[in-house]
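Below: one structure, written as structure tokens.
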Amino acid sequence: MKHHIVAGIASLFLATVLHAADSAAPSPPSVYDPALAAKVGADDYGMHKYVLVILKTGPKPMADTPERKEMFKGHFANMQRLAKEGVLAYAGPLDGVEGRRGIFILAVDGIEAAKQQVATDPVIISGEMVAEYHAHYGSAALMLVNDLHSQVAKKQM
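Note that the sequence shown covers residues -20 to -1, 1 to 137 in mature numbering (1 follows the signal peptide of the UniProt record, and there is no 0).
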């Protein structure tokens, strides 16, 4: 009788654990959305071609002056323009190690197209920074970052 009680308790425990494991199992991935895939320019694998641009300290770094502040104001305005045009998928600062100061991920057809876009940036025009270019193949969902960012940022930069 004692063994039946222990076996019953063990069975209840096992059933509870198995049920909890089923409940905690990750939900299946969402269903393919062809309209969203088209919006972000996804290929059949949900991927997109990009160019990764690494911005590095250039040959003419400027001292902290009003002109430098204006140059960076123009840099941020240029990034906003490229993002609104659907060209700039992502941008952000780096730690400065080995002169690497920031990155752009551009949704363009190739490195030459990326160079044309980056050439419009005041930090490049002034020589404050230079750009290094790398072809990149990544998730097309990256194209949604700019829209989503405004939903999580309390303050604008």
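Here a beta-carbon is modelled for each residue, glycine too, at the ideal position from N, C-alpha and C.
- Counting only residues of its own chain and dropping the five nearest sequence neighbours on each side, Met42 has a CB closer than 8 Å to the CB of Arg48, Met51, Ser106, Glu108.
- Residue state for Pro46 is assigned as helix, using DSSP reduced to three classes.
- Here Leu74 carries a coil assignment [DSSP, helix/strand/coil].
- Boundaries of the alpha helix (DSSP H) harbouring Val132: 125 to 132, taken from the DSSP string.
- A residue is called buried once 16 or more other Cβ atoms fall within 10 Å of its Cβ, and Met137, having fewer, is exposed.
- Ranking Glu78, Tyr30, Asp24 by CA distance to the CA of Tyr70 puts Tyr30 first.
- Around the beta carbon of Gln97, 16 or more other beta carbons lie within 10 angstroms, which makes this residue buried.
- Checking the DSSP bridge columns, you'll see Leu122 has no partner listed.
- For Val103, the uninterrupted alpha helix (DSSP H) segment begins and ends at 102 to 105.
- A contact is defined here as three or more CB-CB pairs under 8 Å, and the segment 115 to 133 fails this definition with respect to the segment 72 to 79.
- Setting aside the 5 residues that flank it on each side, Lys95 is surrounded in the same chain by Ala111, Tyr113, each with a C-beta closer than 8 Å to its C-beta; the list follows chain order.
- Ser130 and Leu124 have their C-alpha atoms spaced approximately 11 Å apart.
- For Arg80, the pairing in a beta bridge is given by DSSP as Lys36.
- With a cutoff of 8 Å on beta-carbon distance, Gly79 and Lys36 are scored as near each other.
- Between Ala87 and Gly21, the CB-CB gap stays under 8 Å.
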